[in-house]
Amino acid sequence: MPSVDSVKVAVRVRPFTQREKDAGSRCVISMNSSSTSIYDPKTPGLMKTFTFDLAYWHPSGHQT
10 MPSVDSVKVA
20 VRVRPFTQRE
30 KDAGSRCVIS
40 MNSSSTSIYD
50 PKTPGLMKTF
60 TFDLAYWHPS
70 GHQT
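Position one of the sequence shown corresponds to residue 10 (the numbering used here), numbered consecutively onward.
Next up, the structure:
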């Protein structure tokens, strides 16, 4: 009988580095319990949404 292997995929949003903060970088990611969305600030309304098995938001980060 063949074995069934499964792979779980996780994503983690890290906090901005000091260099990113100094450059005025903006967060382009939003998360909820079932999906992670990334938007292009240069193209209003353009958003890509992905689903992962696990998603972690950095606890001291700012969620949009």
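Yeah, the Cβ is synthetic: ideal placement off N, Cα and C, and Gly gets one too.
A64 counts as buried, since at least 16 other C-beta atoms from the protein chains shown sit within 10 angstroms of its C-beta. In this structure, S39 is the residue among V22, F59, S43, S39 with its C-alpha nearest to the C-alpha of P50. When the Cα atoms are used, T60 and Q27 turn out to be separated by approximately 29 Å.
In terms of Cβ geometry, D62 and V22 do not form a close pair [threshold 7 Å]. Between the C-alpha atoms of P53 and G33 there is a straight-line separation of about 19 Å.
In this structure, H67 lies near P24, with their beta-carbon atoms less than 7 Å apart.
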